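Comments concern the structure below.
Residue numbers (the numbering used here): 44 to 245.
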C-alpha cells in the first residue's frame, strides 16, 4: 500500500505532472506567476480544492448518478473554491485584491475535473486524496519555479525582498512582467522536464 501511495505521489509530482505532461491549468501561469507570493496562494487554492474534491467524489462515487456526475463534480469544486476565496480574503487581503478575480477560475481548472473523472470516480477516498494532493503540489511546484524566475528578472526580488547581488546593476526585463514572459518560461521548463523524462525512459 505504501508503494502504491508512493507511485501516486510520484505520478502527480513528476511522471504525470499536470502541467509538464498534460499541459493543463496553464491559465494561472499567465495570471499570477509574476510574483511568488501570489503564486503560492493560488497553488494553495488549487491543491486544497483538488485534494478535497477528489476525496469527496471518491466518497460519493457510488451514489452519484452517471447522468449528472459532471454537474455534481462542478458543484463540489465550487464549494471548495468558495472556501479558498474566503480563506485568502481573510488571511491575505492584499493578495486577494490581485488574484481574487482568478480564484473563481479554479472552478474551471482542467486539473481538478480531470483528476475527479479519471481517478477519484474509480478509486477509494484515501488514494484519491493523495492523488489530488500530488497533482495540486505538482501544479504548484511548476508555477512557483516560473514565478521565482519571473520575479527575479522583472523586479530583482524574491517574495518582495530585494536581492543585494542584483540591487546595484540589475535592469528589469519588462517582458517578464507581461503574459509572454510566462509563456516563455513555461515553454523552457516544459522542454527541460520532458527532455529529462524521455532520457530516464531510455
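All residues carry an ideal CB built from backbone N, CA and C; glycine is no exception.
Remember, predicted model here, so these are calculated numbers, not experimental data.
In the DSSP annotation of this structure, the continuous segment of the alpha helix (DSSP H) that includes residue 192 starts and ends at 168-198. In the same chain as residue 127, and ignoring 5 residues on each side of it, the C-beta atoms closer than 8 Å to its own belong to 87, 88, 91, 92, 146 and 149, in chain order. Residue 79 is bridged by DSSP to nothing; it lacks a bridge partner. The three-state secondary structure of residue 66, taken from DSSP, is coil. By the criterion of a C-beta distance shorter than 7 Å, residue 141 is surrounded in its chain by 81, once the five residues flanking it on both sides are discounted.
The region 123-138 makes no contact with the region 63-74, as fewer than three CB pairs between them are under 8 Å.
Across the structure, residue 102 and residue 122 are spaced so that their CA atoms are roughly 16 Å apart. If you compare the alpha carbons of 79, 76 and 176 with that of residue 96, the shortest gap goes to 176. Exposure of residue 106 is indicated by the presence of fewer than 16 other C-beta atoms within 10 angstroms of its C-beta. Counting along the chain, the unbroken alpha helix (DSSP H) around residue 136 starts and ends at 136-146.
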